[in-house]
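Worksheet: the structure to be examined is printed underneath.
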Amino acid sequence: MLCEMCGIEVANPILSKISGTILRTCQKCSAMGVEATEREKIGNKNYISDVMNKRSNRLREKEIKTEKILVEDFGILIKNGRENKKWSQKELASKISEKKSTIASIENKQYKPEKKLINKLETVLEIRLMEEIEVKDSVKTSETTGMTLADLIEKSNG
Ligand SMILES: [Zn+2]
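With the numbering used here, the residue at position 137 of the sequence shown is 968, and numbering never jumps.
Next comes the structure, spelled out in structure tokens:
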């Protein structure tokens, strides 16, 4: 591996405490710091893995972001749902306190119902009109890049 201080190839790196940070260094660089105690070696390692875990958990939560949207073929679904109930457009309209023309427009997809109306149609027709889609989080990409282990070590120092 490479010495974390000077970057030269080392066969047997030495764990040294340099400016409060545990680093794997070559013999020469280890002279600049004090050799780390066993507790310090473990402590720092745990700290970093802990930070890494928390970080990836946070990112995972962000990645799985879903949004509910109206299904593409809502017109057909509503028409079929209504016909299953053997209701006319007028009958359906009166059940949800809407106009017959509204139902006709929705079934022809000339009019996209808003959330409140969608909910009423779902309840009365016993159908699902919303579907969950995954949304890409644009913030995620800028956040994941440019973070290195060195950054973490720096942060663990402060
Ligand atoms: Zn070195």
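Note that beta-carbon positions come from the ideal geometry of N, C-alpha and C, so glycine has one too.
Closest Cα partner of THR856 within the set GLU835, ALA842, SER928: For the purposes of this step, residue 856 is taken as residue 25 along the sequence shown, with counting starting at 1. Here the closest residue by C-alpha is GLU835.
CB contact flag (LEU990, ILE964, <8 Å): Outside the modelled stretch of the chain, which goes from 832 to 989, sits residue 990, for which no answer is possible.
Nearest to LEU846 (by Cα), restricted to the options TYR942, ASP904, ILE949, GLY864: Your numbering for residue 846 matches position 15 in the sequence shown. The residue with the shortest Cα to Cα distance from LEU846 is GLY864.
Cβ-Cβ separation, MET961 to LYS921 (assumed contact under 8 Å), whole Å: Sequence index remark: in the sequence shown, residue 921 carries index 90 (1-based). Sequence index remark: in the sequence shown, residue 961 carries index 130 (1-based). Going by Cβ atoms, the distance from LYS921 to MET961 rounds to 25 Å, so no, they are not a contact pair.
Coil, strand or helix - LEU901 by DSSP: Sequence index remark: in the sequence shown, residue 901 carries index 70 (1-based). Residue state, collapsed to three classes: strand.
Sequence-distant residues of the same chain with beta carbon closer than 7 Å to ILE934, five excluded per side: Sequence index remark: in the sequence shown, residue 934 carries index 103 (1-based). The beta carbon of ILE934 is closer than 7 Å to those of GLN920, LEU923, ALA924 in its chain, skipping five residues each way along the sequence.
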